[in-house]
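Below is one structure, written out as structure tokens, with a few remarks after it.
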């Protein structure tokens with residue numbers, strides 16, 4: 068989930084958009100994916116961190132997989148439309 072937040076360290080008018088590191092960790096764990104863009108705290112004074120550049124290959128791969136699925140679905144829709152036309156033609160002949 069994308070979050071918008073304002074930080075006391077930022078200029079008053081500056082807003083940052085980002086992810087909650089713990090939510091990224093949870094999502095990666097649920098997918099059994101070892102995401103290297105997550106920095107976990109090493110002690111109780113440390114904070115979680117995210118390296119956004121590490122998201123790029125993961126997101127590109129996801130887009131490629133979605134595009135492949137979209138292409139497959141478009142082909143299936145086209146085939147179904149052709150079958151529908153053939154069925155209508157057969158119905159008209161009866």
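Numbering (our numbering), first residue to last: 68 to 161.
Where is the CB? At the ideal position from N, CA and C, for every residue including glycine.
Who pairs with residue i in a beta bridge, going by DSSP?
i, result
"residue 116", "106"
"residue 100", "For residue 100, which the question treats as bridged, DSSP gives no partner whatsoever."
Assuming residue i and residue j make a contact with CB atoms under 8 Å, what is their CB distance in whole Å?
i, j, result
"residue 101", "residue 115", "In fact, because the Cβ distance is near 16 Å, the residues do not count as touching under 8 Å."
"residue 117", "residue 88", "5 Å"
Can you give the Cα-Cα distance for residue i and residue j, rounded to whole angstroms?
i, j, result
"residue 93", "residue 141", "33 Å"
"residue 85", "residue 134", "25 Å"
"residue 122", "residue 97", "17 Å"
"residue 148", "residue 108", "55 Å"
"residue 157", "residue 139", "27 Å"
"residue 160", "residue 151", "14 Å"
"residue 132", "residue 99", "18 Å"
"residue 35", "residue 137", "In the structure as shown, the chain starts at 68 and stops at 161, and residue 35 therefore has no counterpart that could be examined."
"residue 112", "residue 143", "54 Å"
"residue 124", "residue 146", "33 Å"
"residue 126", "residue 81", "26 Å"
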